[in-house]
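Position one of the sequence shown corresponds to residue 1 (our numbering), numbered consecutively onward. Even glycine gets a Cβ: it sits at the ideal position worked out from N, Cα and C. All of these numbers come straight from a predicted model, not from anything done at the bench.
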Amino acid sequence: MSRIVTYYVFLNSPWSFMGGAPLAQVAHAAGATVEVRPIDLPRVFQETGGQPLSQRPKARQDYRLLELARWSRRRGLALVRHPDVFPCDERLAAACVMAHRAEGGDALALATAFGGAIWIANRDIGRRDVVVDVLTEQGLDADALLARAEGEADRWAAEREANTVAALADGCFGVPWYVVDGEAFWGQDRLDFVAEALAGAGE
């Protein structure tokens, strides 16, 4: 049986984006499956004492920019540190990720691509035309996937809500948040520990 990484993601997060490709590599190396679960991060913040970026003290905001610069160099990414629209309304994009996962598609790749649209291409994934472009660039049938995402909007909203409740139950207070065999890991800079947990699974 394939080992599982439960991955709670907020598509707007630059940290989720930067960790997307490395997570895929870690999972592939371990023969693991990544369960991609988009969540409502503002609600998680409300329930766990977190603050939206705009409400954080200047020192924290400044240090975040330093870390973005460091990690974008480490990951070899030309990151846009001040996107024109941030945060975007990611509900439609998240619905597409969930619908794609339900169809057996690579939800991790799609979630990462939406992150790249914000943090590399400086685009607003809250716009339907941008969502169409991302889906098309991923080689997907944009019309069919959007029809399912929009036609079953209540289903995906309920699933995102359930993901958020599950994330809180798993101790989540930020993203990316990974869970392996009940052990939680916060941040794309903890993927080495995720790899170790997967290597030790079943021992």
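For residue i, is the classification buried or exposed, using 16 other Cβ atoms within 10 angstroms of its Cβ as the cut-off for buried?
i	result
Gly116	buried
Asn122	exposed
Thr164	buried
Ala59	exposed
Pro57	exposed
Glu159	buried
Ser16	buried
Gly104	exposed
Asp62	exposed
Gln188	buried
Asp40	buried
Measure from the alpha carbon of residue i to the alpha carbon of each residue in the options, then state which is nearest.
i	options	result
Tyr7	Ala199, Glu67 and Glu183	Glu183
Leu23	Ala153, Ala149 and Ala111	Ala111
Ala93	Arg81, Leu79, Arg73 and Leu108	Leu108
Pro14	Asp141, Gln25, Gln55 and Ala78	Ala78
Phe86	Ala147, Leu146, Glu152 and Leu53	Leu53
Ala144	Ala99, Leu66 and Asp106	Ala99
Pro42	Asp192, Phe173, Arg81 and Asp189	Phe173
Glu152	Val132, Val97, Val80 and Asp106	Val97
Leu65	Val132, Arg81 and Val131	Arg81
Val44	Gln188, Ala162, Ala21 and Arg73	Ala162
Ile120	Arg128, Asp84 and Val132	Asp84
Ser72	Val132, Asp40, His28 and Gly20	Gly20
For residue i, which residues in the same chain have their Cβ closer than 6 Å to its Cβ, ignoring the five residues on either side in sequence?
i	result
Thr33	Ser2 and Ile4
Ala95	Ala149 and Trp156
The ligand ZN and residue i: does any heavy atom of the ligand fall closer than 7 Å to the residue's C-beta?
i	result
Ala111	The model on display carries no ligand, and the ligand ZN is accordingly not part of it.
Can you give me the Cβ contacts of residue i inside the same chain, cut-off strictly under 7 Å, excluding the 5 residues immediately before and after it?
i	result
Cys88	Asn12, Ile118, Asp124, Ile125 and Gly126
Ala199	Ala30
Ala197	Val180, Asp181 and Glu183
Glu203	Caution applies to Glu203, whose pLDDT of 47 falls short of 50 and renders its modelled position unreliable; the model cannot decide the point.
Arg75	Met18
Val36	Tyr7, Val9, Val97, Arg101, Ala107, Leu108 and Ala111
Leu68	Pro14, Leu79 and Arg81
Less than 8 Å between C-beta atoms, sequence neighbours within five positions excluded: which residues of the same chain meet that for residue i?
i	result
Glu90	Phe10, Leu11, Asn12, Pro38, Phe114, Ile125 and Gly126
Val194	Val5, Leu23, Val26, Tyr178, Val180 and Phe185
Asp106	His100
Arg190	Tyr178
Exercise. Do the segment 124-138 and the segment 173-183 meet, that is, are 3 or more Cβ pairs less than 8 Å apart?
Worked result: no
Exercise. Just checking, does the segment 154-169 make contact with the segment 44-55 on the three C-beta pairs under 8 Å criterion?
Worked result: yes
Problem set entry | 3-residue-minimum beta strand (DSSP E) runs that sit fully inside the segment 48-136, ordered along the chain | none
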